[in-house]
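If you're matching them up, the sequences are chains A and B in order. Per the UniProt record's numbering, the very first residue in the first sequence carries number 1; after that it's consecutive. Per the UniProt record's numbering, the very first residue in the second sequence carries number 1; after that it's consecutive. Here a beta-carbon is modelled for each residue, glycine too, at the ideal position from N, C-alpha and C.
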Amino acid sequence: MKAAVFIAGDHLITPLGLGSAANFGRILAGDVAIQPIEDTDLSDHRIHAARIDENVWLDNIHHPQRYTRLEQLIILALQAMIDAYRIPVDHSTLVVLSTTKGNITLLHRSQTAIPAERVFLPVMADALQHYFGFENRFITLSNACISGSLAISVARQLLQHNDKYQQAIVIGGDEISRFIVSGFDAFQALADEPCRPFDRDRKGLNLGEAIAAVYLSKTPTIGAINIMGIGSYNDANHISGPSRTGEGLYRSIREAMRQAGDPALDFISAHGTATAYNDEMEAIALQRCGLTAVPVHSLKGYYGHTLGASGLLETVLGIQSLKHDQLIPSMGYAQQGTNHALNIITPENQGTERNTTLGTFLKTASGFGGCNIATVFQKI
Amino acid sequence: MDKHRHSIQSYCLIRDRTITVNGQRYLDVEPTAALLDFLKTAYRQLDIDYPKFHKMDGLSKAIFIAVELIARESGPYNDDTALVFSNYSSSYLADSRHAMDIFNGTHPMASPATFVYTLPNIAMGEISIRHQLHSENVFFIFDSYLPEFLVPYGTAMLDDGKTSGILSGWTEVTDTRCDVFLYHIGKTGGMPHTIEHLKRLYQG
Numbered sequence: 001m002k003a004a005v006f007i008a009g010d011h012l013i014t015p016l017g018l019g020s021a022a023n024f025g026r027i028l029a030g031d032v033a034i035q036p037i038e039d040t041d042l043s044d045h046r047i048h049a050a051r052i053d054e055n056v057w058l059d060n061i062h063h064p065q066r067y068t069r070l071e072q073l074i075i076l077a078l079q080a081m082i083d084a085y086r087i088p089v090d091h092s093t094l095v096v097l098s099t100t101k102g103n104i105t106l107l108h109r110s111q112t113a114i115p116a117e118r119v120f121l122p123v124m125a126d127a128l129q130h131y132f133g134f135e136n137r138f139i140t141l142s143n144a145c146i147s148g149s150l151a152i153s154v155a156r157q158l159l160q161h162n163d164k165y166q167q168a169i170v171i172g173g174d175e176i177s178r179f180i181v182s183g184f185d186a187f188q189a190l191a192d193e194p195c196r197p198f199d200r201d202r203k204g205l206n207l208g209e210a211i212a213a214v215y216l217s218k219t220p221t222i223g224a225i226n227i228m229g230i231g232s233y234n235d236a237n238h239i240s241g242p243s244r245t246g247e248g249l250y251r252s253i254r255e256a257m258r259q260a261g262d263p264a265l266d267f268i269s270a271h272g273t274a275t276a277y278n279d280e281m282e283a284i285a286l287q288r289c290g291l292t293a294v295p296v297h298s299l300k301g302y303y304g305h306t307l308g309a310s311g312l313l314e315t316v317l318g319i320q321s322l323k324h325d326q327l328i329p330s331m332g333y334a335q336q337g338t339n340h341a342l343n344i345i346t347p348e349n350q351g352t353e354r355n356t357t358l359g360t361f362l363k364t365a366s367g368f369g370g371c372n373i374a375t376v377f378q379k380i
Numbered sequence: 001m002d003k004h005r006h007s008i009q010s011y012c013l014i015r016d017r018t019i020t021v022n023g024q025r026y027l028d029v030e031p032t033a034a035l036l037d038f039l040k041t042a043y044r045q046l047d048i049d050y051p052k053f054h055k056m057d058g059l060s061k062a063i064f065i066a067v068e069l070i071a072r073e074s075g076p077y078n079d080d081t082a083l084v085f086s087n088y089s090s091s092y093l094a095d096s097r098h099a100m101d102i103f104n105g106t107h108p109m110a111s112p113a114t115f116v117y118t119l120p121n122i123a124m125g126e127i128s129i130r131h132q133l134h135s136e137n138v139f140f141i142f143d144s145y146l147p148e149f150l151v152p153y154g155t156a157m158l159d160d161g162k163t164s165g166i167l168s169g170w171t172e173v174t175d176t177r178c179d180v181f182l183y184h185i186g187k188t189g190g191m192p193h194t195i196e197h198l199k200r201l202y203q204g
């Protein structure tokens, strides 16, 4: 039997604020980070997106001019984690970094103080490592929109199989750039309004920014969350469209649930990008798994799609939900928008369906390249 | 450290403009050939009909060819064969092409066909489709080929029963450099899945 691995702490930097509890409070109050943005650096037309106003937070970094905006945000989050949980920066701590595009803005913006090589992720990771003096080099992965959840899986496996590591920080982040906006625009995937996951009238996704981190430990501390099971399977179907049968996600959920011992789920935190095909695919996979009655939300209606951070961001907020025994409504949903009806959490129904205690949830994610992942988390 | 429970069943090395499979020369073109011409020659020599190949970016094409050649030695792959790849420059080839598209002075225009390849794991999606692999994929970004990480990582996946086999290795493809070293790890085969042995094979 492999050693259990727990989530013993977390941190968020989002447009809605600093810290997990603060973000949980904001979204329960119905606050939405997605706004109309007119910025010719990002796009020639107005977009709806959720962008971090870094001017509020970028104060406490040594030599900030040596770091890109994304690096500074990641440094802030790492520093907050190290301080809050007294995490040693010695050989016993592993850092896993999740990002889809990292410093891609360096490809097209002249930041004279920053060496152009920092567009390469290993160079960026080394800069972050050296800022803190971590003994171990960062483990960096880039696996499309499942990167954040996959990074938890990778860190768990490394902790379980390596006595050298006692704990890990898993951190994910991406920023909105013209590079990314133009690409999603070309796919006609962006909604010209705040997105509406799983809703009948959904028009596509919004891009968002977040830095999200979890602290993994082999020691079960008070209030820790057990990672009960993880499944990750490719659709083997299409590189830019989800499977019509939800095959990879179906297999991922089945495996995660099998490892977890098929627990009753109190809620599901879906990927829910609010594109027509993604949400339909997820509903099919959940129907095949017999999970359509479980309360489900997507948090994309608050934060947009935060790419390499999204799996981590939504996991951290799911954990807040467990800790406060309170379900988070799925922002932007009004009417059934998938062929199989789902039990979408809304402000109206969450009162009646609210458990006295929440113990277990499933987090799913899917991405370009046909990748999928499902993870079961449980209070201990 | 040289005790091993798993074996390298076969491997492919694409270095500069030369391809070898299990140490045997498969293709060798003049070192000055353009990357995409070289990969097209390799594709033609495979003698298969797979039109999707022509839509792929250079990274996916090189990986596709290596995985095709390995399949001829130790395939067909089991449906659960996991993919654990790594490189230095992620999807830089496609990234720079997309950047050219959108910052082109006169007619900036993003192309979905280019943009989709601006993620390194797309190549893993391509070979999952080709070989019908419903499996775990992870794409690491490292400074250099790192068997010190990949060997224990792959061993742990196999020991945990996550998969019966793995395609793993290093896939660095840029305009100036082609350095692809992929291998098929499984239960049988004469070559040990160890750091030392893989370092020797990677030397070529």
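Straight-line gap, residue i to residue j (C-alpha atoms, nearest Å)
{"i": "threonine 275/A", "j": "glutamine 129/A", "result": "36 Å"}
{"i": "leucine 190/A", "j": "alanine 270/A", "result": "19 Å"}
{"i": "isoleucine 27/A", "j": "isoleucine 328/A", "result": "8 Å"}
{"i": "valine 151/B", "j": "histidine 193/B", "result": "7 Å"}
{"i": "alanine 33/B", "j": "arginine 15/B", "result": "13 Å"}
{"i": "asparagine 343/A", "j": "glutamate 117/A", "result": "47 Å"}
{"i": "glycine 370/A", "j": "aspartate 79/B", "result": "15 Å"}
{"i": "aspartate 39/A", "j": "arginine 51/A", "result": "11 Å"}
{"i": "serine 20/A", "j": "threonine 20/B", "result": "51 Å"}
{"i": "threonine 219/A", "j": "glycine 17/A", "result": "29 Å"}
{"i": "threonine 112/A", "j": "methionine 124/A", "result": "16 Å"}
{"i": "threonine 245/A", "j": "aspartate 185/A", "result": "26 Å"}
{"i": "alanine 123/B", "j": "aspartate 41/A", "result": "30 Å"}
{"i": "residue 221/B", "j": "phenylalanine 181/B", "result": "Since the first and last residues shown for chain B are 1 and 204, residue 221/B lies out of range."}
{"i": "alanine 4/A", "j": "serine 7/B", "result": "29 Å"}
{"i": "phenylalanine 138/A", "j": "proline 88/A", "result": "15 Å"}
{"i": "alanine 293/A", "j": "isoleucine 268/A", "result": "10 Å"}
{"i": "isoleucine 82/A", "j": "threonine 93/A", "result": "11 Å"}
{"i": "isoleucine 169/A", "j": "glycine 261/A", "result": "27 Å"}
{"i": "proline 197/A", "j": "arginine 5/B", "result": "46 Å"}
DSSP beta-bridge partners of residue i
{"i": "methionine 124/B", "result": "Methionine 124/B pairs with nothing; no bridge assigned."}
{"i": "aspartate 235/A", "result": "Answer by DSSP bridge pairing: none, since aspartate 235/A is not bridged."}
{"i": "glutamine 167/A", "result": "Thr93/A, Ser217/A"}
{"i": "lysine 363/A", "result": "Ser269/A, Thr375/A"}
{"i": "glutamine 24/B", "result": "Val21/B"}
{"i": "glycine 172/A", "result": "Ser98/A, Ala212/A"}
{"i": "serine 168/B", "result": "Val84/B, Tyr183/B"}
{"i": "valine 56/A", "result": "DSSP output for valine 56/A lists no bridge partner at all."}
{"i": "glycine 17/A", "result": "Thr14/A"}
{"i": "aspartate 199/A", "result": "Gln336/A"}
{"i": "histidine 48/A", "result": "Pro36/A"}
{"i": "isoleucine 152/A", "result": "Note: isoleucine 152/A sits in no beta bridge, so no partner."}
{"i": "proline 112/B", "result": "Its beta-bridge partners do not exist; DSSP assigns none."}
Distance between beta carbons of residue j and residue i, contact taken as under 8 Å
{"i": "glycine 172/A", "j": "threonine 99/A", "result": "7 Å"}
{"i": "valine 173/B", "j": "alanine 62/B", "result": "5 Å"}
{"i": "tyrosine 233/A", "j": "asparagine 372/A", "result": "6 Å"}
{"i": "leucine 59/B", "j": "serine 91/B", "result": "6 Å"}
{"i": "threonine 81/B", "j": "serine 135/B", "result": "6 Å"}
Close-in-space but distant-in-sequence residues of the same chain around residue i (CB under 7 Å, 5 per side omitted)
{"i": "proline 64/A", "result": "Leu58, Gln72"}
{"i": "isoleucine 74/A", "result": "Leu128, Ile171, Gly173, Ile211"}
{"i": "tyrosine 277/A", "result": "Gly241, Pro242"}
{"i": "isoleucine 180/A", "result": "Lys101, Leu207"}
{"i": "arginine 69/A", "result": "Glu54, Glu175"}
{"i": "aspartate 266/A", "result": "Asn355, Leu358, Gly359, Thr360, Phe361"}
{"i": "asparagine 22/B", "result": "Ser10, Tyr11, Glu73"}
Delimiting residues of the beta strand (DSSP E) encompassing residue i
{"i": "alanine 212/A", "result": "210-217"}
{"i": "leucine 12/A", "result": "6-14"}
{"i": "asparagine 137/B", "result": "137-141"}
{"i": "aspartate 39/A", "result": "Here aspartate 39/A belongs to no beta strand (DSSP E), and DSSP marks it neither H nor E."}
{"i": "arginine 15/B", "result": "7-15"}
{"i": "proline 295/A", "result": "295-297"}
Element boundaries [alpha helix (DSSP H), containing residue i]
{"i": "asparagine 87/B", "result": "Premise fails: asparagine 87/B lies in the beta strand (DSSP E), 82-87, not in any alpha helix (DSSP H)."}
{"i": "threonine 315/A", "result": "310-324"}
{"i": "threonine 140/A", "result": "Segment 139-141 is the beta strand (DSSP E) holding threonine 140/A; no alpha helix (DSSP H) there."}
Neighbourhood of residue i by C-beta distance below 8 Å, restricted to the same chain and skipping five residues each side
{"i": "tyrosine 77/B", "result": "Ala71, His131, Leu133, Gly165, Leu167, His184"}
{"i": "isoleucine 380/A", "result": "Phe6, Pro220, Ala224, Ile225, Asn226"}
Own chain residues within Cβ distance below 6 Å of residue i, not counting five before or after
{"i": "threonine 18/B", "result": "Asp28"}
{"i": "proline 120/B", "result": "Ser90, Ser91, Phe139"}
{"i": "lysine 52/B", "result": "none"}
{"i": "phenylalanine 120/A", "result": "none"}
{"i": "serine 217/A", "result": "Phe6, Ala8, Gln167"}
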